[in-house]
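Residue numbers for the sequence shown follow UniProt numbering, beginning at 19 and rising by one. Where a beta carbon is used, it is the ideal one built from N, C-alpha and C, also for glycine.
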Amino acid sequence: AEAETLLEVNNIEVIYNHVILVLKGVSLKVPRGGITALLGGNGAGKTTTLKAVSNLLHSERGAVTKGSILYRGDRVQDLSPADLVKRGVVQVMEGRHCFEHLTIEENLLTGAYTRRDGRGAIAADLEKVYAYFPRLRERRGSQAGYTSGGEQQMCAIGRALMAAPEMILLDEPSMGLAPQLVEEIFTIVRDLNAQEGVSFLLAEQNTNVALRFAHEGYILESGRVVMEGSAAALRENPDVKEFYLGMS
Ligand code: ATP
């Protein structure tokens, strides 16, 4: 049987400042249990798509002006970001955004603020985050601002996990990180998907690594989906090889 569709984005248009049309009819689906990559170059519209889903466009004077966004079949466009978190959808922003003056552990605990299931469950999930990210356990008492870029990316993902999400919208996790760390982080994403059942919508410019870890992918150009398919098919596609994988 085909997996249930968790997230469905139908033909959305996004306009910034009432005039700048940035998404020109984007549609995509993320199945339950999927890792779906949203690929494309600088300015293609990846971040805008994620922010449309998590309802973070208002602060940027952006709005979804056409189309619909469904989560488990329910229209979620009018929910606040906090309500989306309660439904299980959490965004990890590009550039990591840890609270620099808080320790790693305090940062992780801020991720649990919408939960009502008590301290025991939160403590258990903190342990789980440390089991997936042993480096965060080592650095738990350090001020986040003094940790490395890789540790801050891990902290941002760990904080999202503390909300007990069903789906994580992960924006450009590879940004600014050395290849070995990128590999480490994507391996953890894969484990979280396989072992915890967390679904991912992953925006990446690093097509190569994203298509090795994702199940399916969509390629955006100038606010439109120009290609979509299984990760395996996209990796073998001649145009993807030429324009996005570079080396082959
Ligand atoms: P990047 O990897 O650089 O973040 P992206 O694919 O995520 O690229 P977006 O950040 O979604 O792309 O940007 C898509 C387009 O929207 C770009 O042309 C960008 O300049 C424009 N844009 C983004 N934010 C705003 C804003 N707040 N106001 C006006 N235009 C914006």
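Residue environment, residue i, which counts as buried when at least 16 other CB atoms sit within 10 Å
{"i": "Gln213", "result": "exposed"}
{"i": "Glu169", "result": "buried"}
{"i": "Gly43", "result": "exposed"}
{"i": "Gly264", "result": "exposed"}
{"i": "Gly58", "result": "buried"}
{"i": "Gly63", "result": "buried"}
{"i": "Ile38", "result": "exposed"}
{"i": "Glu123", "result": "buried"}
{"i": "Thr66", "result": "buried"}
Closest residue to residue i among the options (Cα-Cα distance)
{"i": "Gly51", "options": "Arg137, Ala21 and Thr128", "result": "Ala21"}
{"i": "Gln171", "options": "Glu184, Gln161 and Ile203", "result": "Ile203"}
{"i": "residue 331", "options": "Cys173, Glu31 and Glu254", "result": "This structure does not reach residue 331, given that the chain is present from 19 up to 266, and the question cannot be answered."}
{"i": "Val94", "options": "Tyr262, Glu26, Leu220 and Ala250", "result": "Glu26"}
{"i": "Lys84", "options": "Glu201, Gly59, Leu41 and Leu187", "result": "Leu41"}
{"i": "Leu102", "options": "Leu187, Leu46 and Pro191", "result": "Leu187"}
{"i": "Tyr89", "options": "Leu219, Thr66 and Phe231", "result": "Leu219"}
{"i": "Leu56", "options": "His233, Phe261, Glu260 and Asp257", "result": "His233"}
{"i": "residue 267", "options": "Glu145, Asp257, Leu24 and Asp189", "result": "Residue 267 falls outside the range modelled here, since the chain spans only 19 to 266, and no answer is possible."}
{"i": "Thr205", "options": "Phe261, Met185, Tyr150 and Thr225", "result": "Tyr150"}
{"i": "Tyr262", "options": "Thr225, Leu210, Ser86 and Ser45", "result": "Thr225"}
{"i": "Leu127", "options": "Gly113, Met111, Tyr148 and Glu112", "result": "Tyr148"}
Length of the line joining the Cα atoms of residue i and residue j
{"i": "Gly91", "j": "Tyr164", "result": "42 Å"}
{"i": "Gly167", "j": "Leu195", "result": "7 Å"}
{"i": "Ala100", "j": "Asn73", "result": "9 Å"}
{"i": "Pro197", "j": "Gly136", "result": "38 Å"}
{"i": "Glu254", "j": "Ser248", "result": "10 Å"}
{"i": "Leu229", "j": "Gly235", "result": "7 Å"}
{"i": "Arg158", "j": "Gly176", "result": "12 Å"}
{"i": "Gly215", "j": "Pro49", "result": "11 Å"}
{"i": "Arg208", "j": "Ile33", "result": "33 Å"}
{"i": "Lys69", "j": "Glu156", "result": "32 Å"}
{"i": "Leu238", "j": "Met245", "result": "7 Å"}
{"i": "Ala221", "j": "Ala174", "result": "15 Å"}
{"i": "residue 269", "j": "His36", "result": "Summary: the structure shown does not reach residue 269, with the chain confined to residues 19 through 266, and so no result is reported for it."}
{"i": "Ser266", "j": "Arg133", "result": "Confidence at Ser266 is low in this model, with a pLDDT of 37, below 50, so the placement of that residue is unreliable and no value is reported for it."}
{"i": "Ala130", "j": "Val71", "result": "20 Å"}
{"i": "Ala141", "j": "Asp96", "result": "32 Å"}
{"i": "Gln161", "j": "Gln223", "result": "29 Å"}
{"i": "Ser98", "j": "His115", "result": "20 Å"}
{"i": "Ile53", "j": "Lys47", "result": "11 Å"}
{"i": "Leu252", "j": "Asn29", "result": "22 Å"}
{"i": "Val227", "j": "Leu24", "result": "24 Å"}
{"i": "Ser86", "j": "Ser45", "result": "9 Å"}
{"i": "Met185", "j": "Val200", "result": "20 Å"}
{"i": "Pro152", "j": "Glu112", "result": "22 Å"}
Check: residue i C-beta below 8 Å from any heavy atom of the ligand ATP
{"i": "Gly194", "result": "no"}
{"i": "Thr67", "result": "yes"}
{"i": "Ala55", "result": "no"}
{"i": "Val244", "result": "no"}
{"i": "Val44", "result": "no"}
{"i": "Gln223", "result": "yes"}
{"i": "Lys104", "result": "no"}
{"i": "Leu238", "result": "yes"}
{"i": "Gly59", "result": "yes"}
{"i": "Tyr262", "result": "no"}
{"i": "Val40", "result": "yes"}
{"i": "Glu31", "result": "no"}
Cutoff 9 Å: residue i Cβ touching any chain B Cβ
{"i": "Leu154", "result": "Among the chains in the structure shown there is no chain B, since it carries only a single protein chain."}
Spell out a yes or no on whether the segment 102 to 113 and the segment 171 to 182 are touching, meaning 3 or more CB-CB pairs, one atom from each, closer than 8 Å. yes
Does the contact criterion of 3 or more C-beta pairs under 8 Å hold for the segment 118 to 132 versus the segment 69 to 84? no
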